[in-house]
Amino acid sequence: MRVLGIETSCDETGVAIYDNKKGLLVNKLYSQVKLHADYGGVVPELASRDHISKIIPLIKNALKQADLTGNDINAVAYTAGPGLIGSLLVGATISHSLAFAWRVPVIPINHMEGHLLSPMLEKNSPKFPFIALLISGGHTQLINAIDIGKYQLLGESIDDAVGEAFDKIAKLLGLDYPGGSALSFMARNGNVGRFLFPRPMIDRQGLDFSFSGLKTFVANTIRNNNMDPQTSSDIALEFESAVVDILIIKSKRAIEKTGVKRLVIAGGVSANHTLRLKMKKSIIKFGGEVFYTRPEFCTDNGAMIALVGMTRFKKCINNTMDIIVKSRWSLEDL
Ligand code: KG4
Ligand code: ZN
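Note that the working numbering has the sequence shown beginning at 408, numbered continuously upward.
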């Protein structure tokens with residue numbers, strides 16, 4: 408059985424084919440990053456138009472690379488939300504058209520469930536139940552993943568998402584959008600201890616996060632300093648350290664609260680090297696285990712959508728003729 412997965416929720420067009428016996432057969436990605444760079448953020452109308460022009464060549468390419476035709480596909484899974492509505496509609500309509508032509512089911516997938524299960528694309532894959540720290544450009548959530556489709560929200564950011572905070576500080580440091588990864592690179596040359604930034608909400612009980620205070624503190628520091636390359640690196644390092652500390656403290660608290668010792672970190676920010684290292688060290692010391700996927704599957708991709716599509720297809724659920732897209736869609740409402 409093979410599922411074609413299609414991801415178009417934001418500024419990446421992703422196409423992948425997942426086989427239930429052989430695993431991932433092919434994964435194709437077209438990133439629109441250059442298209443939006445001049446605007447300092449994603450322009451929704453440009454994003455949907457670009458998905459339209461890239462999606463079909465990408466699907467043809469994926470089938471060709473896997474040496475398959477439409478006849479070899481047993482279901483089409485697509486990201487139905489959350490995301491930009493115009494972009495989502497491109498993936499939804501293409502998926503429905505293909506599924507109709509190929510006479511196979513079409514399965515709407517929640518993008519965040521894709522991120523959450525993305526470590527299952529790896530050999531060392533987590534078993535349920537596990538705690539998931541979902542950290543992307545639009546989300547910062549701690550989830551108790553009880554089973555496929557059964558997710559309980561434990562805590563989330565009350566303001567900026569962690570990826571959003573990375574991107575905003577990166578912009579102030581003169582880096583192109585989305586600057587999370589470049590900021591992390593810049594931090595490698597930083598000196599420890601020159602700056603000290605706050606770690607908001609760590610003393611407060613509960614599992615919610617807040618990043619806007621930290622962001623304002625860092626923005627003021629940038630404004631009040633003569634910015635040379637070393638100062639930029641020192642600020643980037645301390646910002647990254649503050650974020651990593653907050654994420655580790657809250658993740659440990661979630662483990663303590665639930666007694667579930669497996670932790671998944673997923674979403675674009677989970678590609679962060681420092682976070683991966685420090686989280687692993689810290690959670691192992693705490694008696695837990697950490698799972699994440701390779702960096703290319705941390706950011707948006709079709710592979711995670713094809714994978715979740717396969718789990719849904721096996722259970723014969725979620726498959727519908729209605730074209731479903733939802734700009735907001737909580738993991739608790741699957
Ligand atoms: O999951 P994702 O690709 O898209 C959303 O669903 O939002 O996440 C994108 C976010 C961006 O904010 C980007 O700057 C951030 O992930 N990101 C990183 C790193 N790589 C990507 N943030 C920090 N360090 C990284 N290495
Ligand atoms: Zn994403």
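Backbone N, C-alpha and C define an ideal beta-carbon position, used for all residues, glycine too.
Q) So, residue 554 versus residue 606, is the Cβ gap smaller than 8 Å? A) Residue numbering aside, residue 554 sits at position 147 when the sequence shown is read from its first letter. Residue numbering aside, residue 606 sits at position 199 when the sequence shown is read from its first letter. Result no, Cβ atoms of residue 554 and residue 606 do not sit closer than 8 Å.
Q) With C-beta atoms as the reference, is residue 623 less than 8 Å away from residue 642? A) Position 216 of the sequence shown, counted from the start, is the residue given in the question as residue 623. Position 235 of the sequence shown, counted from the start, is the residue given in the question as residue 642. Not a contact, by the Cβ cut-off of 8 Å.
Q: Put residue 484 into one of helix, strand or coil per three-state DSSP.
A: Residue mapping note: residue 484 aligns to position 77 of the sequence shown, counting from 1. Strand.
Q | Separation of residue 615 from residue 568, as counted between CA atoms | A | Position 161 of the sequence shown holds residue 568. Position 208 of the sequence shown holds residue 615. Approximately 11 Å, taken between the alpha carbons.
Q) Among 460, 625, 559, 655, which one has its Cα closest to the Cα of residue 644? A) Within the sequence shown, the letter at position 237 stands for residue 644. Per the Cα distances, 625.
Q) From residue 729 to residue 501, what does the alpha carbon distance come to, in whole angstroms? A) Here residue 729 corresponds to residue number 322 of the sequence shown, with the count starting at 1. Here residue 501 corresponds to residue number 94 of the sequence shown, with the count starting at 1. Taking the straight line joining both Cα atoms gives about 13 Å.
Q: Kindly examine the ligand ZN and report whether one of its heavy atoms sits closer than 7 Å to the Cβ of residue 458.
A: By one-based count along the sequence shown, residue 458 stands at place 51. Flag unset: Cβ of residue 458 not near the ligand ZN.
Q: Starting from residue 411, follow its DSSP beta bridges and name the residues at the other end.
A: Here residue 411 refers to the residue found at position 4 of the sequence shown. Answer is 424, 483, bridged to residue 411.
**Q.** Limits of the alpha helix (DSSP H) - the one that residue 551 falls within
**A.** Residue 551 sits at position 144 when you count from the first residue of the sequence shown. Counting along the chain, residue 551 falls outside any alpha helix (DSSP H), though it belongs to the beta strand (DSSP E) covering 547-554.
(Q) Just verifying my parser: in three-state terms, what is the DSSP assignment at residue 557? (A) The count along the sequence shown starts at 1 and reaches residue 557 at position 150. Looking at residue 557 - three-state DSSP - the assignment turns out to be strand.
Q: Using three-state DSSP, classify residue 674 as helix, strand or coil.
A: By 1-based counting over the sequence shown, the position of residue 674 is 267. DSSP places residue 674 in coil when its eight states are reduced to three.
Q. Hey, how far is the Cα of residue 412 from the Cα of residue 637?
A. On the sequence shown, position 5 is the one that residue 412 refers to. On the sequence shown, position 230 is the one that residue 637 refers to. Rounded to whole angstroms, residue 412 to residue 637 spans 43 Å at the Cα level.
Q: List the DSSP bridge partners of residue 696.
A: Translated into the one-based positions of the sequence shown, residue 696 becomes position 289. DSSP lists 669 as partners of residue 696.
Q | alpha helix (DSSP H) segments (min. 4 residues) lying fully within the region 599-651 | A | 619-630
Q.
Which residues end up in the neighbourhood of the ligand KG4 when you take C-beta atoms closer than 5 Å to any of its heavy atoms?
A. 543, 544, 545, 570, 573, 574, 585, 587, 588, 591, 674, 675, 676, 678, 679, 706, 707
Q. Looking only at C-alpha atoms, which of 475, 693, 664, 674 sits nearest to residue 518?
A. For the purposes of this step, residue 518 is taken as residue 111 along the sequence shown, with counting starting at 1. The candidate whose alpha carbon is nearest that of residue 518 is 674.
**Q.** Sequence-distant residues of the same chain with beta carbon closer than 8 Å to residue 425, five excluded per side
**A.** Position 18 of the sequence shown, counting from 1, holds the residue named residue 425. 409, 410, 412, 431, 432, 710, 713, 714, 716, 717.
Q) Just reading off the beta strand (DSSP E) that residue 537 is part of, what are its end residues? A) What you label residue 537 is simply residue 130 of the sequence shown in a count that begins at 1. Taken as a continuous stretch (DSSP letters only), the beta strand (DSSP E) holding residue 537 covers 537-542.
Q. What is the DSSP secondary structure of residue 579, reduced to helix, strand or coil?
A. One-based indexing of the sequence shown puts residue 579 at position 172. Note: residue 579 maps to helix in three-state DSSP.
Q: For residue 559, count neighbouring Cβ atoms within 10 angstroms of its own Cβ and tell me buried if that reaches 16, exposed if not.
A: Counting from one through the sequence shown, the residue named residue 559 turns up at place 152. Exposed: under 16 other Cβ atoms inside 10 Å.
Q: Using the Cα positions of residue 659 and residue 513, report the straight-line distance between them to the nearest angstrom.
A: Indexing the sequence shown from 1 puts residue 659 at position 252. Indexing the sequence shown from 1 puts residue 513 at position 106. Between residue 659 and residue 513, the C-alpha separation is close to 38 Å.
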